[in-house]
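Visitor:
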Amino acid sequence: RKRWSLFDCDEYQVVSNESMQLAPGLRTVAITSDLKCEKGGEFGTALNNDIFALVWKQVIDGGRYKYNDWTVKVDPDCAFFPQRLRVAVAFHPDTYHGIYLNNCKFGLHGPIEVFSRNAVTAWALN
162 RKRWSLFDCD EYQVVSNESM QLAPGLRTVA ITSDLKCEKG GEFGTALNND IFALVWKQVI
222 DGGRYKYNDW TVKVDPDCAF FPQRLRVAVA FHPDTYHGIY LNNCKFGLHG PIEVFSRNAV
282 TAWALN
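Counting along the sequence shown from 1, when you hit position 38 you're at 199 in our numbering, and nothing is skipped either side.
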């Protein structure tokens, strides 16, 4: 059976504002947020930093990232190909302080965020 997007990763988790069963054996992990946010800024994008801070807090508190070389945050509407990412990260060994893969020449953008284990650990300590 073929798996797509985050479901083709070694481990995966779906985070939502409520716990629910998405498929047999797949439940969401709930965060305390209604997932609503305003739009604004120069490009009229979602002002959702607070929501994703809660998602990352859940990832850190859950601790599963410690058992994987990389942690990837993928928005539901993001086209994500784990096999392509596996090839890309093979050229980027983790460093003491950790690394992230820049997904845009203008800096890190939200639909996909890729962090090494040490990068998540460093963020957790701050």
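C-beta atoms are modelled at their ideal positions from N, C-alpha and C, and glycine is treated no differently.
Are the stretch 226-245 and the stretch 269-287 touching, with three or more C-beta to C-beta distances below 8 Å?
Guide: Because the criterion of three Cβ pairs below 8 Å is met, the stretch 226-245 and the stretch 269-287 touch.
Visitor: With a cut-off of 8 Å on the beta carbons, I'd call isoleucine 260 and alanine 285 a contact; round off their distance for me.
Guide: Not quite, the Cβ-Cβ distance comes to about 15 Å (not below 8 Å), so this is no contact.
Visitor: On a Cα-Cα basis, can you pick out the residue from Leu183, Arg188, Ala249, Asn210 that is closest to leucine 196?
Guide: Per the Cα distances, Asn210.
Visitor: Out of Leu208, Ser194, Ala240, Leu183, point me to the one whose CA is closest to glutamine 219's CA.
Guide: Ranking Leu208, Ser194, Ala240, Leu183 by Cα distance to glutamine 219 puts Ser194 first.
Visitor: Is the CB-CB distance between proline 254 and asparagine 264 below 9 Å?
Guide: No, the pair does not count as a contact, with Cβ atoms beyond the cut-off.
Visitor: Compute the Euclidean distance between the alpha carbons of glutamate 203 and leucine 269, then round it to the nearest angstrom.
Guide: Computed Cα separation, rounded: 16 Å.
Visitor: Which value, in whole angstroms, describes the spacing of the CA atoms of glycine 205 and threonine 256?
Guide: Approximately 35 Å, taken between the alpha carbons.
Visitor: Within the same chain, show all residues whose beta-carbon is closer than 7 Å to that of glutamate 172, passing over the 5 residues directly before and after it, in chain order.
Guide: Taken in chain order, the residues that qualify are Arg225, Asn229.
Visitor: In whole angstroms, give me the CA-to-CA distance for serine 166 and glycine 186.
Guide: Roughly 17 Å between the two C-alpha positions.
Visitor: May I have the straight-line CA-CA distance separating glycine 223 from alanine 283, to the nearest angstrom?
Guide: Going by the C-alpha atoms only, they are around 15 Å apart.
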